[in-house]
Amino acid sequence: MTLQALPAGATRVWQTTGHAIDLQQVRVMGIVNVTPDSFSDGGQHAQAAAAVAHCEALLKEGAHILDIGGESTRPGAPSVSADEEWARVAPVLSAALSMGVPVSIDTWKPEVMQRALDVGVDIVNDVRALQAPGALATVATHGRCGVCLMHMQGMPATMQVAPNYADVVDEVANFLRGRRDVVEAAGVARDRIVLDPGIGFGKTVDHNLALLQQQARLHELDCPLLVGWSRKSTLGAITGRPVSERLVPSVAAALASVHRGARIVRVHDVAATVDALAVWRAAGLV
Ligand code: 8Y7
4 MTLQALPAGA TRVWQTTGHA IDLQQVRVMG IVNVTPDSFS DGGQHAQAAA AVAHCEALLK
64 EGAHILDIGG ESTRPGAPSV SADEEWARVA PVLSAALSMG VPVSIDTWKP EVMQRALDVG
124 VDIVNDVRAL QAPGALATVA THGRCGVCLM HMQGMPATMQ VAPNYADVVD EVANFLRGRR
184 DVVEAAGVAR DRIVLDPGIG FGKTVDHNLA LLQQQARLHE LDCPLLVGWS RKSTLGAITG
244 RPVSERLVPS VAAALASVHR GARIVRVHDV AATVDALAVW RAAGLV
């Protein structure tokens, strides 16, 4: 029998502001978008109320972490000022923080990070891996919050125009290693950091699939992996399904990423993912 390398983070605790998250159990991060295009009702109060209700629903479904974001990363989505983004997420963060689970802020803007950390947010989830001016200092000086560093090639508006890599897994691993080292050198302890290959961020279908097939190569980075496949277009390319019909493909992709060592999966469909992971666990597969 060949010995498989232990998945990075399999025995690790992710230290965050108010929670030490035991990653011996695979964790499900539920997605909460507070953007006008993600809720039908236009008004800001109605939008916040709907997002808070969504947080409650995801927790009932078994989410372990809530990831709350106020700016869409969709190509072509309008950009939002830090003040506008904060106005959207602030009431939702406050409500979520009273629900007893770790809360993550999905932002790349240091002003939004700072205000979120000031109200007690546990985790900063940054698709730009703390590369925006001021972002790294904000997280480093906080001293306690968790952080997810994600790989992206280019910027959201144009990242899908012509993604290009010599070896996508090599380049993603090198980028994540570099960011991990810079963030650690700034004073963020290794046990606060998780890494994410950034499925769909400046990547073709083949690039995303290479990252799934060869995901185990990212274990050498010695940080827990967080992976988000939920409803993404590569699943549409594989199955021919529109975004509204990608539940089963999303669950299958989440399980595949867990099989290859992911310890946190970022998903829209929490109940289905939690059920699938329960069976996976009962079968002794994780
Ligand atoms: C990811 C993410 C998005 C992801 C992490 C979507 C904010 C696009 N995707 N954050 N954010 N990882 N860490 O389809 O894959 O949810 S937005």
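To convert, count from 1 in the sequence shown and add 3; that's the numbering used here.
All C-beta atoms in this analysis are idealised placements derived from N, C-alpha and C, irrespective of residue type, glycine included.
- In the DSSP secondary-structure assignment, residue 17 is bridged to 24.
- The stretch 258–266 makes contact with the stretch 227–241, as at least three CB pairs between them are under 8 Å.
- For the options 107, 51, 69 and 36, the alpha carbon positioned closest to that of residue 75 is the one of 36.
- Looking only at 101, 32 and 179, the smallest Cα-Cα distance to residue 109 is reached by 32.
- A direct Cα-Cα distance of roughly 8 Å separates residue 224 from residue 179.
- Judged by DSSP secondary structure, residue 58 falls within the alpha helix (DSSP H) whose first and last residues are 47–63.
- In the DSSP assignment, residue 32 forms a beta bridge with 68 and 269.
- In the DSSP secondary-structure assignment, residue 84 is not bridged to any residue.
- Annotation for residue 197: 12, 17, 149, 150, 151, 152, 226, 227, 228, 229, 266 and 267 place their beta carbon closer than 8 Å to its own, counting only its chain and skipping 5 residues before and after.
- A check of alpha carbon separations from residue 238 across 257, 221, 222 and 220 identifies 257 as the nearest.
- When the Cα atoms are used, residue 234 and residue 260 turn out to be separated by approximately 14 Å.
- The stretch 153–168 and the stretch 49–60 do not touch, with fewer than three beta-carbon pairs separated by less than 8 Å.
- Distances between the C-beta of residue 150 and the heavy atoms of the ligand 8Y7 are all 7 Å or more.
- In this structure residue 175 touches residue 200 by the C-beta definition: roughly 5 Å separates them, less than 8 Å.
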